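Below: one structure, written as structure tokens.
Have a look at this one:
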């Protein structure tokens, strides 16, 4: 790592708005602070540390508790005989429904195979043929070839997480667990200079503190908890997207939330994280059927049950409406007990824990919120529109996924773009001016450097009470779920506004707001992300990918083959604008937007 380690003595420029929180009571230093400990975050940390950078990883729970751990299907890459990056690219572009950034997809599919091999070298063990040692590959929805590598049958994410966590610990990388990131610190020029965070009971430090760093990498995962039923863990509350918005960054494509077609149906009142029934089960030959055993996906797409996820989710929802049913069924009884136990042990155990035995009966399934295809907008190096702030993994919008993520591309995206970020962060780009600044700042440090000032919250920006989380989830599930319309979205927008207005009115009337704490910070983050999603979904007057407008059932390439960019104004209002085409405009990061890697 050759980037100067000196930082300005004070952090003066505050975000447009910030969460209400106590002033930081402690501070630590790093070259790079990575927020999140999934495949993307830990890969950035390992690569930066290997280049000589001092890295601090901040994670909301324990190192292995993020969304990566729950990934069942696998990781997609052109590793098999006869498969090519070009074929992988074609499948990804089709799934993305006209909104993928082809250059980003090309980077993903060409760099992906070697990134997977480096992951294996790090210690990840994928299922392989006993005789040949070749990695076993399977198919999932939208893929025309077997290119999904898996581990432990259906425990791929857990194995990847294990390998990366062990590598991070072996490398001696500093970690702060059980820490909720709050807001971005900036220097006087508006460049990212670290983060504020709150460490919970079991963390290494207590209370609100700060990590100062030359580069901040958001790898905070998804936002599935804005809906009542989701496959995401409880920590997926959109914290990274909310932080980026408050810091002035652009977010994009947030209306494209992928609802996984086959989530174990636990009843009409089920809430929170729901068990996923991996797409790989369909990839191995399971059938979607209604209560009469009819395979209703036949005739709806050439790949039937293996169509892209948005098509399968819509097919299930249509059949549910036709039949007046609350769920459909996934029938894999023909697998037999041996295959279920060997290939899908995690899913088998989850089903049996809820009283369903897939060896002898069909599995009741229904769509549930699964993955955010959009997020904080980045360029091909993971740079956001705020200098010094990077994003990768589910929190980011690289342009790879477009309007609908292709199955098992998420882990690969995390790997590839994490490596690109690490290369950018640790690049040798010191100028004479940089060196002089470093010497001057080093002198200031030796004399006792001032701690960074915390971002200031707006006087009219209350925290929401913890119970607002459940109200937001109810609003979003009924107004902005799988099926949407202008009426449902307008109603959701109005109800979300009332949640905020009531809190503002109480603050102005009584001078009271909810007490700062993890639950109130999470509720406030969820509310901001929900507002952005609804605003974008209301603006996009078409059906495309996983955005399904009942009142606008057709795809409209003439008017809507473009992205929506959203920023948060200093007054808390949202600025929503459309790009001129499907291409993202250049980011406003300091370096030229050039692409030199093959």
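In the working numbering, the protein residues as written are 102 to 699. Where a beta carbon is used, it is the ideal one built from N, C-alpha and C, also for glycine. Quick caveat: nothing in here was measured; it's all calculated off a predicted structure.
Point to revise | Residue from 402, 486 and 368 whose Cα sits closest to the Cα of residue 465 | key: Taking only the C-alpha atoms, the option nearest residue 465 is 368.
| field | Which listed residue (439, 513 and 475) has its alpha carbon closest to that of residue 179 | value | Of the listed residues, the one whose Cα sits closest to residue 179 is 513.
Nonlocal neighbours in the same chain, by C-beta distance under 6 Å from residue 536, ignoring five residues either side
For residue 536, the predicted structure reports a pLDDT of 34, less than 50, and the residue's modelled location is therefore unreliable. A value from the coordinates is still provided. Same-chain partners within the cutoff: there are none.
Check your understanding: residue 241 to residue 407, Cα distance in whole Å?
Key -> Between residue 241 and residue 407, the alpha-carbon positions lie close to 6 Å from each other.
Alpha helix (DSSP H) containing residue 607: first to last residue?
First-last of the alpha helix (DSSP H) with residue 607: 587 to 611.
Item to complete: Starting from residue 257, trace the alpha helix (DSSP H) both ways and give me its first and last residue.
Response: First-last of the alpha helix (DSSP H) with residue 257: 257 to 271.
* **Terminal residues of the alpha helix (DSSP H) in which residue 678 lies** => Boundaries around residue 678 are those of the beta strand (DSSP E), 675 to 679, since no alpha helix (DSSP H) includes it.
| request: Give a single yes or no on whether residue 498 has its beta carbon closer than 7 Å to a heavy atom of the ligand NAD. | output: Judged by which ligands are present, the structure shown has none, so any question about the ligand NAD falls away.
Is there contact here, the stretch 134 to 142 with the stretch 492 to 507, by at least three beta-carbon pairs under 8 Å? In the pairwise beta carbon analysis, the stretch 134 to 142 is classified as touching the stretch 492 to 507: at least three pairs are separated by under 8 Å.
Notebook entry, point to check: Does the Cβ of residue 613 have 16 or more other Cβ atoms within 10 Å, making it buried, or fewer, making it exposed?
Noted result: Residue 613 comes out exposed.
- Going by DSSP, name the residue or residues bridged to residue 353. Per DSSP, 476 and 666.
Residues of its chain near residue 579, where Cβ-Cβ distance is below 8 Å and the 5 sequence neighbours each way are ignored: The beta carbon of residue 579 sits closer than 8 Å to the beta carbons of 589 and 593 from its chain, once the five residues preceding and following it are set aside; these are given in chain order.
What are the start and end residues of each continuous alpha helix (DSSP H) run of 4 or more residues lying completely inside the stretch 321 to 379, in chain order?
-> Counting whole runs of 4 or more residues, the stretch 321 to 379 contains the alpha helix (DSSP H) stretches 340 to 347.
When DSSP labels each residue in this structure, what does residue 573 get in the three-state scheme?
Residue 573: helix per DSSP, three-state reduction.
request  = Would you kindly report the start and end of the unbroken alpha helix (DSSP H) that includes residue 525?
outcome  = Segment 511 to 526, the alpha helix (DSSP H) holding residue 525.
Taking 8 Å as the threshold (C-beta atoms), are residue 279 and residue 300 in contact?
Less than 8 Å divides the Cβ of residue 300 from the Cβ of residue 279.
Between which residues of its own chain and residue 123 is the CB-CB distance below 6 Å, once the five residues before and five after are set aside? Counting only Cβ-Cβ distances below 6 Å, and skipping sequence neighbours, we find 309.
* Evaluate the contact criterion for the stretch 268 to 283 versus the stretch 148 to 159: three or more CB pairs, one atom per stretch, below 8 Å. => Below 8 Å, enough C-beta pairs join the stretch 268 to 283 and the stretch 148 to 159 to call them touching: three or more.
What whole-angstrom Cβ distance do residue 648 and residue 351 have, given they're in contact under 8 Å?
At roughly 19 Å, the Cβ-Cβ gap does not stay under 8 Å, so residue 648 and residue 351 are not in contact.
- Query: Are the stretch 659 to 669 and the stretch 359 to 374 touching by the rule of at least three beta carbon pairs closer than 8 Å?
  - Reply: Too few Cβ pairs lie closer than 8 Å, so no.
Could you tell me whether the stretch 502 to 521 touches the stretch 204 to 223, where touching means 3 or more Cβ pairs closer than 8 Å?
The stretch 502 to 521 is in contact with the stretch 204 to 223.
Next item on the list: Take the Cβ of residue 611 as the centre, count every other Cβ of all protein chains shown within 10 Å, and call the residue buried at 16 or more, exposed below.
Entry: Note on residue 611: under 16 other CB atoms within 10 angstroms of its CB, so exposed under the neighbour-count rule.
Practice item. Give me whichever residues DSSP pairs with residue 432 in a beta bridge. Key: In DSSP, residue 432 forms a bridge with 388.
Check: Exposed or buried, residue 456, counting other C-beta atoms within 10 Å across all chains shown (16 or more means buried)?
Finding: Classification for residue 456: exposed.
Checklist line | residue 155 - DSSP class collapsed to helix/strand/coil | finding: Three-state DSSP puts residue 155 in coil, outside helix and strand.
* Among residues of its own chain, excluding the 5 on either side of residue 627, which ones have a beta-carbon nearer than 7 Å to its beta-carbon? -> Contacts found: 326, 327, 338, 339, 570 and 573.
**Prompt:** Are residue 683 and residue 187 closer than 8 Å when you measure CB to CB?
**Reply:** Cβ atoms of residue 683 and residue 187: not closer than 8 Å.
Are the stretch 315 to 322 and the stretch 595 to 607 touching, with three or more C-beta to C-beta distances below 8 Å?
Segments in contact, no.
Helix, strand or coil: how does DSSP classify residue 309 here?
Strand.
Measuring straight from C-alpha to C-alpha, what distance separates residue 253 and residue 363?
Those two C-alpha atoms are separated by around 20 Å.
In this structure, how does DSSP classify residue 465 when only helix, strand and coil are distinguished? Here DSSP, grouped into helix, strand and coil, assigns residue 465 to strand.
Inset, instruction - Measuring alpha carbon to alpha carbon, tell me which of 679, 622, 654 and 625 ends up nearest residue 636. - result: Closest in C-alpha terms to residue 636, from the list 679, 622, 654 and 625, comes 679.
Can you look up residue 196 in the DSSP assignment and give me helix, strand or coil? If DSSP states are grouped into helix, strand and coil, residue 196 belongs with the helices.
Using the three-state DSSP reduction, which class does residue 164 fall into: helix, strand or coil? Three-state result, residue 164: coil.
(request) Along the alpha helix (DSSP H) that carries residue 629, what are the first and last residues, could you check? (result) Element bounds for residue 629: 619 to 640.
Discussion item. Between which residues of its own chain and residue 190 is the CB-CB distance below 7 Å, once the five residues before and five after are set aside?
Written reply: Counting only Cβ-Cβ distances below 7 Å, and skipping sequence neighbours, we find 206, 207 and 210.
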